[in-house]
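Asker: Handing you this structure, nothing more for now.
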Amino acid sequence: MNTHPVAAIQQTGGAIAPHLRRLLEFIEPARDDVCLDVARGRGPMPAALGPQVRHLTAVDAVPARATAVNGTRNGAATGASARTSTVEFGTGPVRIAGGDPPPPSATREEHRPHPIGPDGAPVKADATALPYRDNAFSLVTARFSLYNLGDPDSVLRELLRVCRPGGRVVVADLVRGNLTGPDRDRIERLRDPDHPGTPSIARLTEMITLAGGSIRRLDVFTVERPVDAWLAGACDDATADRIRRALIDEVDGGPRTGAKPRIISGELWFTQTWAHVAAEPIP
1312 MNTHPVAAIQ QTGGAIAPHL RRLLEFIEPA RDDVCLDVAR GRGPMPAALG
1362 PQVRHLTAVD AVPARATAVN GTRNGAATGA SARTSTVEFG TGPVRIAGGD
1412 PPPPSATREE HRPHPIGPDG APVKADATAL PYRDNAFSLV TARFSLYNLG
1462 DPDSVLRELL RVCRPGGRVV VADLVRGNLT GPDRDRIERL RDPDHPGTPS
1512 IARLTEMITL AGGSIRRLDV FTVERPVDAW LAGACDDATA DRIRRALIDE
1562 VDGGPRTGAK PRIISGELWF TQTWAHVAAE PIP
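Residue numbers (the working numbering): 1312 to 1594.
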């Protein structure tokens, strides 16, 4: 497990949250990088990564049936024991290992506008058929969205296709330990019946390899999140209450859910495992 300090840093217009800073340190952006960030909706990566590279194009990926593609495929590319303070991630705070408490201004992710396409509109595309030529980018990122962008194997092939030889594709996503059974997904599927399942670390790296990538670096670590913020996305209130009761029962010595819940300052929290994987396309 990588437990190096994750201090917040200041950027023009706001602060970068510690967990995002950890990802940026893993990516190691260079001033001459030409980057593509592929996500579902608007995330913090373009604003955080853009100032550190030469050019960044952000794709807001949508399902193929709703895709409004800007350009063509052959067109030119546009350019664990220690506790930290709490930081915002999506709809709730997160605790990760290592680091000093960030300043209050760093406790929320900044959501500045994405870079835009040449027609002045945000770039929307199908992540399984990106509208960029082969080898167009030196850095390609996909953060916590791989399983929301379409068939993940097809998405990975596209991310690697548009990455030039010697470049890198960085995927950040939820995983489960290689020795952890699939029981952890039971509550995920209760919360979201369409949940595709959480891959093991070995499965995620295997998928990238089979798609044509060579694994270069891996960072796996555990986070804790408040249950209530996570359950805000449950399919209905009755399901949320059912999951909450199961987690409280586990805290009281009942059956294990795989979520490792505990009470922090009177609030119910649970754990997730995150992974950052850097791969290079195989020529």
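Yeah, the Cβ is synthetic: ideal placement off N, Cα and C, and Gly gets one too.
#1: According to the Cβ coordinates, are residue 1482 and residue 1441 closer than 7 Å?
#2: With a threshold of 6 Å on Cβ separation, who are the neighbours of residue 1494 within its own chain once the five nearest residues in sequence on each side are excluded?
#3: Kindly indicate the opening and closing residues of the alpha helix (DSSP H) around residue 1441.
#4: Using C-beta distances below 8 Å, list every residue in its chain close to residue 1550, excluding the 5 sequence neighbours before and after it, in chain order.
#5: Can you pull the DSSP bridge partners for residue 1524?
#6: Less than 8 Å between the CB atoms is what I'm expecting for residue 1357 and residue 1348, so what's the real figure, rounded?
#7: If we count Cβ pairs, one from each stretch, closer than 8 Å, do we get three or more for the stretch 1578-1589 versus the stretch 1476-1490?
#8: So, helix, strand or coil for residue 1455, using DSSP?
#9: So is residue 1346 buried or exposed if we call it buried at 16+ other beta carbons inside 10 Å?
#10: Does the distance from the CB of residue 1582 to the CB of residue 1533 come in under 7 Å?
#11: So, are the CB atoms of residue 1473 and residue 1438 less than 7 Å apart?
#12: Quick one: is residue 1552 buried, meaning 16 or more other Cβ sit within 10 Å of its Cβ, or exposed?
#13: Please report how far the alpha carbon of residue 1463 lies from the alpha carbon of residue 1331, in whole angstroms.
#14: Going by the CB atoms, is the gap between residue 1359 and residue 1327 shorter than 7 Å?
#15: Counting only the same chain and skipping the five closest in sequence on each side, list residues whose C-beta sits under 6 Å from that of residue 1370.
#16: When you compare only the Cα positions, how much space is there between residue 1405 and residue 1353?
#17: Buried or exposed: residue 1460, going by 16 or more other Cβ atoms within 10 Å of its Cβ?
#18: Mapping DSSP to helix, strand and coil, what is residue 1330?
#19: Quick test of your reading: residue 1538 and residue 1556, contact by CB under 8 Å. State the CB separation rounded to the nearest angstrom.
#20: When DSSP builds the beta bridges, which residues end up paired with residue 1485?
Answerer: Put simply:
#1: No, Cβ-Cβ distance for residue 1482 and residue 1441 is not below 7 Å.
#2: 1569
#3: Taken as a continuous stretch (DSSP letters only), residue 1441 belongs to no alpha helix (DSSP H), as it is neither H nor E.
#4: 1501 and 1502
#5: Answer by DSSP bridge pairing, in chain order: 1592.
#6: Contact holds; Cβ gap of about 5 Å.
#7: yes
#8: coil
#9: buried
#10: A distance below 7 Å separates the beta carbons of residue 1582 and residue 1533.
#11: Residue 1438 is positioned such that its CB atom lies no closer than 7 Å to that of residue 1473.
#12: exposed
#13: 23 Å
#14: yes
#15: 1349, 1434 and 1436
#16: C-alpha separation (whole angstroms): 19 Å.
#17: buried
#18: In the structure shown, residue 1330 sits in a helix (DSSP, three-state: H, G or I).
#19: Wrong, their Cβ atoms sit about 11 Å apart, outside the cutoff.
#20: 1585
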